[in-house]
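Student:
Protein chains: 2
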Amino acid sequence: MGEEANAAVRLLWGPPAKPSRGPKPALSLGRIAAAGIGIADAEGLGAVSMQKVAGLLDFTKMSLYRYVPGKAELVALMVEAAVGEPPAAVDALGWREQLTAWARQLEGSFTRHPWLLDATVGPRVMGPKELGWLERVVAALDGHRLTGPERMDAAVLLAGHVRGIAEQSRAARPDSPPEAEFLALLGPLVHRHADRFPALAAAMTAPDGHDRALDFGLERILDGLEALITRRAGGARGAGL
Amino acid sequence: MGEEANAAVRLLWGPPAKPSRGPKPALSLGRIAAAGIGIADAEGLGAVSMQKVAGLLDFTKMSLYRYVPGKAELVALMVEAAVGEPPAAVDALGWREQLTAWARQLEGSFTRHPWLLDATVGPRVMGPKELGWLERVVAALDGHRLTGPERMDAAVLLAGHVRGIAEQSRAARPDSPPEAEFLALLGPLVHRHADRFPALAAAMTAPDGHDRALDFGLERILDGLEALITRRAGGARGAGL
DNA sequence: CATTAACTGTGTCCGATGGACACTGTTCAT
DNA sequence: ATGAACAGTGTCCATCGGACACAGTTAATG
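Going down the list, the sequences are from chains A and B. Counting in my numbering, the first sequence runs from 240 upward without gaps. Counting in my numbering, the second sequence runs from 240 upward without gaps.
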């Protein structure tokens, strides 16, 4: 059990390379991942196939299997390379500012590589960079009397929000590899059935720009966290535990 | 453009059936969707193929195409059937209680049908039931001086949180169709590289039960929304606009 | 009642996918 | 120099979604 998972771990966490006997590898994990990212950026994750990646590098499909155990691991490498390094911790800033910058940067990654949304669903092995992003959130919340699980939960909350915003703004974008006008389809649909969706019909005026939408949720979350932090800091001791 | 999208709209929103001339259809959209859901529940969304669905109904693969234009629309039907009806609005309850119940019920749907997480990524046409869920959030926030886009943003925020929690708790479940022990893999990984992830290593004690994790984020979000609502209600008029 | 047009389900075929496996050729350690 | 380890290739396979032509069935029409 977990053979394949361990293979992914070795790829993402293992040593960068080991000198060996035979001919020198003409390819590298980095080049393979970059080729995959190029395809995914241009045509979506669904267009990434072993054939296309190999073709882009002027190699045969099967040669890739010398470097990567399978497609899942290829995608894992692509994700790890595409999320990039997490933003550096700036101790001078407060936790609110740090988390705000974190969320904006993460949203930027999702915008640059929309397929990241598809590639990061479901149980998977996270690479060091992806874990680094998580680390930054938890670290920013250190020293505020939040328990370990609470800090983790806050990170999940923040990441989930950014994901949701990125997904929504991707659907609204008119380019996108798959199709388009889904938002243009949704508007008339809601208004045509305004009797069944009165609140929606009333609320759907202009679709909030995704910057606004990101900031709205972000400020609600941070306000909620701040309330918890100040409550813990020393304020009312009566609020049970 | 949008031909296929319109086909999906017709399937999800169109009339239930129209009496016609030829032989009576032996199948129905409902049965087909149910068969697909059965497979997805048991083996994951990836295991859902036209062949398997047809086989489960003792039909040929191609017969399904008489009912459904393609696999994307099949999945759309499955989603619409699996999310189920949104919780009824209980006017007696406050918005906090309504949204809490909403989030818990949605999380329940994701738990019952983990593949919903995979099926609801990316731009797609939403069915009436899925839209109904959205409607309930927006309706619950009516009458609190929030703008239309703000209420929509709040819905996205809430839905994103539930998604995030569901995804995390799916990864932690030991059954799951694809693989397992990803969380069991993550723990040792973090602690082995505790130098690179000090905050994570400190915070990763016990993985918060998913009930706790859901409620944590939920309360932060609701606190944040409440702060905004009371601020709008009439309090400080000095907070610009 | 006979005809006909519409509709349903099936069989066959296709291109593309991920992957297994055996094979040739290259290179380094001995 | 020789042999083991390794890189890249070619061939093959099951499975996928889907196109298309066809035969069987049924209801509306005369």
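Don't be surprised by glycine CBs; every beta carbon is placed ideally from N, CA and C.
Does the segment 396 to 403 of chain B come close enough to the segment 378 to 388 of chain B to have 3 or more Cβ pairs within less than 8 Å?
Tutor: Cβ pair count under 8 Å is below three, so no.
Student: Counting contacts by CB-CB distance shorter than 8 Å, is E336 of chain B in contact with chain A?
Tutor: With 8 Å as the cut-off, E336 of chain B does not count as an interface residue toward chain A.
Student: Checking contacts by CB at 8 Å: is M289 of chain A closer than that to chain B?
Tutor: Not one chain B Cβ lies under 8 Å of M289 of chain A.
Student: Output the distance between the C-alpha atoms of T339 of chain A and R459 of chain A, rounded to the nearest integer angstrom.
Tutor: Cα to Cα, T339 of chain A sits roughly 12 Å from R459 of chain A.
Student: Mapping DSSP to helix, strand and coil, what is D454 of chain A?
Tutor: Here D454 of chain A sits in helix by DSSP.
Student: For chain A, is any of its Cβ atoms less than 8 Å away from the one on G463 of chain B?
Tutor: By this cut-off, G463 of chain B is an interface position.
Student: List, in order along the chain, the chain A residues whose C-beta lies closer than 9 Å to that of P264 of chain B?
Tutor: Result: empty, since nearest Cβ-Cβ is about 26 Å, beyond 9 Å.
Student: Three Cβ pairs or more, each shorter than 8 Å: is that satisfied between the segment 295 to 313 of chain A and the segment 256 to 271 of chain A?
Tutor: Cβ pair count under 8 Å is three or more, so yes.
Student: Measure how close the beta-carbons of L356 of chain B and G333 of chain A come, nearest whole angstrom, since I'm counting them as under 8 Å.
Tutor: Not a contact, Cβ separation roughly 34 Å.
Student: Once DSSP output is grouped into helix, strand and coil, what is the label at V287 of chain A?
Tutor: DSSP places V287 of chain A in coil when its eight states are reduced to three.
Student: Between A:P262, A:D462, A:I404 and A:R470, which lies nearest to R470 of chain B when the distance is taken from Cα to Cα?
Tutor: Of the candidates A:P262, A:D462, A:I404 and A:R470, the one whose C-alpha sits nearest the C-alpha of R470 of chain B is A:D462.
Student: Of all the options B:V314, B:K257, B:S259 and B:D381, which has the alpha carbon lying nearest to the alpha carbon of G285 of chain B?
Tutor: Considering only alpha carbons, the answer is B:V314.
Student: Quick one: measure Cβ to Cβ for F349 of chain A and A405 of chain A, integer angstroms, because I've assumed they're closer than 8 Å.
Tutor: Contact holds; Cβ gap of about 4 Å.
Student: Short of 8 Å Cβ to Cβ, which residues in the segment 426 to 450 of chain B face chain A?
Tutor: So the close ones are L428, V429, H432, R435, F436, P437, A438, L439, A441, A442, M443, T444, A445, P446 and D447.
Student: Output yes if chain B places a C-beta closer than 8 Å to the C-beta of L355 of chain A; else output no.
Tutor: Cβ-Cβ to chain B under 8 Å: no for L355 of chain A.
Student: Excluding sequence positions up to five away, which residues of its chain have a Cβ less than 6 Å from the Cβ of W372 of chain B?
Tutor: P325, listed in sequence order.
Student: Can you give the Cα-Cα distance for A419 of chain B and Q407 of chain A, rounded to whole angstroms?
Tutor: Any reading at A419 of chain B must be qualified, since the residue scores a pLDDT of 49, below 50, and its modelled position is unreliable; the value itself is stated next. So the alpha carbons of these two residues sit roughly 30 Å apart.
Student: Can you name the residues of chain B whose CB is closer than 7 Å to the CB of E374 of chain A?
Tutor: Going along chain B in sequence order, the residues near E374 of chain A (Cβ under 7 Å) are F436, A438 and L439.
Student: Cα-Cα, which of B:H400, B:G403 and B:G275 is closest to E319 of chain B?
Tutor: Selected option, being the one with the closest Cα: B:G275.
Student: Could you give the DSSP three-state label for A379 of chain A: helix, strand or coil?
Tutor: DSSP places A379 of chain A in helix when its eight states are reduced to three.
Student: Check the C-beta distance from E482 of chain A over to A438 of chain B and give it rounded, since I have them as a contact under 8 Å.
Tutor: Within the shown structure, residues of chain A are numbered from 240 to 480, placing residue 482 of chain A beyond reach of any answer.
Student: Under the rule that 16 or more other beta-carbon atoms within 10 Å means buried, what is L250 of chain B, buried or exposed?
Tutor: So L250 of chain B counts as buried.
Student: Taking Cβ to Cβ, would you say V377 of chain A is nearer than 8 Å to L424 of chain B?
Tutor: Contact flag unset, no.
Student: Checking contacts by CB at 8 Å: is E406 of chain A closer than that to chain B?
Tutor: For E406 of chain A, the answer is yes, since a Cβ of chain B falls inside 8 Å of its Cβ.
Student: For a cutoff of 8 Å on Cβ pairs, would you count V248 of chain A as touching chain B?
Tutor: So yes, V248 of chain A belongs to the interface.
Student: Going along the chain, which residues of its own chain have a beta-carbon closer than 8 Å to the beta-carbon of T299 of chain A, five neighbours each way excluded?
Tutor: Here the set comprises A293.
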